[in-house]
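Residue numbers (our numbering), protein chains in the order written: chain E, 1 to 116; chain R, 1001 to 1112.
The C-beta atom is built at its ideal place from N, Cα and C for all residues, glycine as well.
These numbers were taken from a predicted model, which means no experiment stands behind them.
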Amino acid sequence: AQSVTQLGSHVSVSEGALVLLRCNYSSSVPPYLFWYVQYPNQGLQLLLKYTTGATLVKGINGFEAEFKKSETSFHLTKPSAHMSDAAEYFCAVSGLITGTASKLTFGTGTRLQVTL
Amino acid sequence: DAGVIQSPRHEVTEMGQEVTLRCKPISGHDYLFWYRQTMMRGLELLIYFNNNVPIDDSGMPEDRFSAKMPNASFSTLKIQPSEPRDSAVYFCASTSGASEQFFGPGTRLTVL
Chain E
1 AQSVTQLGSH
11 VSVSEGALVL
21 LRCNYSSSVP
31 PYLFWYVQYP
41 NQGLQLLLKY
51 TTGATLVKGI
61 NGFEAEFKKS
71 ETSFHLTKPS
81 AHMSDAAEYF
91 CAVSGLITGT
101 ASKLTFGTGT
111 RLQVTL
Chain R
1001 DAGVIQSPRH
1011 EVTEMGQEVT
1021 LRCKPISGHD
1031 YLFWYRQTMM
1041 RGLELLIYFN
1051 NNVPIDDSGM
1061 PEDRFSAKMP
1071 NASFSTLKIQ
1081 PSEPRDSAVY
1091 FCASTSGASE
1101 QFFGPGTRLT
1111 VL
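What follows is the structure, encoded as structure tokens:
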């Protein structure tokens, strides 16, 4: 069984400030981890993913996340927030089983607000 | 590629009516997923298909919901009869093997 916990349903940062969105997961198998972003009235768009290999993953729009197995975390960061980053962000976990796709389990989402 | 295509983008209907949502996955993808998003419950997986065969429908809320995938390029999610609590945004997503899912723009359903 898998689960995802996103700490903080709303996060507000000033433009230019560090963005940190927290995600902790639980998985009985080696996890694949994802961050998706959803802009208003749109579908979900992949920001980045961790499968295997390097634990620091870089994604689009300057975002990155680090897989920390010991902490069961996959926090999303961006050094400097931009107004266009305002959106809802979802962390998700997928438990890969023998090479077949597995369903994603999503967190409840974190709404990022960026202020001037 | 045009991405995952969903239609209609918006649907307003009255309680008791039948609603059909449509999805065209990305060509070559062999997995298709239907999700529902509400403020109260977040993103919920309703059902998913592999090679047009339903694999897991444990998320389908009740018998009023049904989904089909008659071929690799088309799937439907049907609600009959619809109820106000079915109001939500319904997403379709597709993927190929062990990779990220690609989401469509969603269908916003309002049941009056």
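Spatial neighbours of residue i in its chain, beta-carbon cut-off 6 Å, leaving aside the 5 residues before and after
i: residue 5 of chain E; result: 24
i: residue 1021 of chain R; result: 1077, 1090, 1107
i: residue 1010 of chain R; result: 1108
i: residue 1065 of chain R; result: 1079
i: residue 51 of chain E; result: 32
i: residue 1110 of chain R; result: 1012, 1087
Beta-carbon gap between residue i and residue j smaller than 8 Å
i: residue 1088 of chain R; j: residue 1037 of chain R; result: yes
i: residue 1102 of chain R; j: residue 1003 of chain R; result: yes
i: residue 77 of chain E; j: residue 18 of chain E; result: yes
i: residue 57 of chain E; j: residue 85 of chain E; result: no
i: residue 44 of chain E; j: residue 74 of chain E; result: no
i: residue 87 of chain E; j: residue 13 of chain E; result: no
Spatial neighbours of residue i in its chain, beta-carbon cut-off 8 Å, leaving aside the 5 residues before and after
i: residue 1074 of chain R; result: 1022, 1023, 1024
i: residue 1104 of chain R; result: 1003, 1004, 1005, 1006, 1023, 1091, 1092, 1093
i: residue 1112 of chain R; result: 1012, 1013, 1014, 1015, 1084
Cβ-heavy atom distance, residue i to the ligand GTP, below 7 Å
i: residue 1108 of chain R; result: What this structure holds is no ligand at all, so the ligand GTP is not there to describe.
Candidates the options, of which the one nearest residue i by Cα
i: residue 36 of chain E; options: E/76, E/51, E/47; result: E/47
i: residue 1095 of chain R; options: R/1009, R/1007, R/1052; result: R/1052
i: residue 1012 of chain R; options: R/1065, R/1084, R/1061; result: R/1084
i: residue 1030 of chain R; options: R/1100, R/1111, R/1039, R/1112; result: R/1100
i: residue 49 of chain E; options: E/79, E/69, E/92; result: E/92
i: residue 69 of chain E; options: E/15, E/53, E/83; result: E/53
i: residue 27 of chain E; options: E/79, E/55, E/2, E/60; result: E/2
i: residue 60 of chain E; options: E/34, E/41, E/16; result: E/34
Other residues of its chain near residue i: CB distance less than 7 Å, five sequence neighbours each side excluded
i: residue 1043 of chain R; result: 1035, 1037
i: residue 1059 of chain R; result: 1044, 1045, 1046, 1047
i: residue 1008 of chain R; result: 1107
i: residue 106 of chain E; result: 4, 90, 92
i: residue 1026 of chain R; result: 1001, 1003, 1004, 1094, 1102
Inter-residue CB distance, residue i and residue j (contact presumed, cutoff 8 Å)
i: residue 112 of chain E; j: residue 11 of chain E; result: 5 Å
i: residue 9 of chain E; j: residue 72 of chain E; result: Not a contact, Cβ separation roughly 20 Å.
i: residue 1069 of chain R; j: residue 1032 of chain R; result: 6 Å
> Between the region 1012 to 1019 of chain R and the region 49 to 66 of chain E, do three or more beta carbon pairs fall short of 8 Å?
Replying inline: no
> Per the contact definition of three or more C-beta pairs closer than 8 Å, is the region 10 to 23 of chain E in contact with the region 1073 to 1080 of chain R?
Replying inline: no
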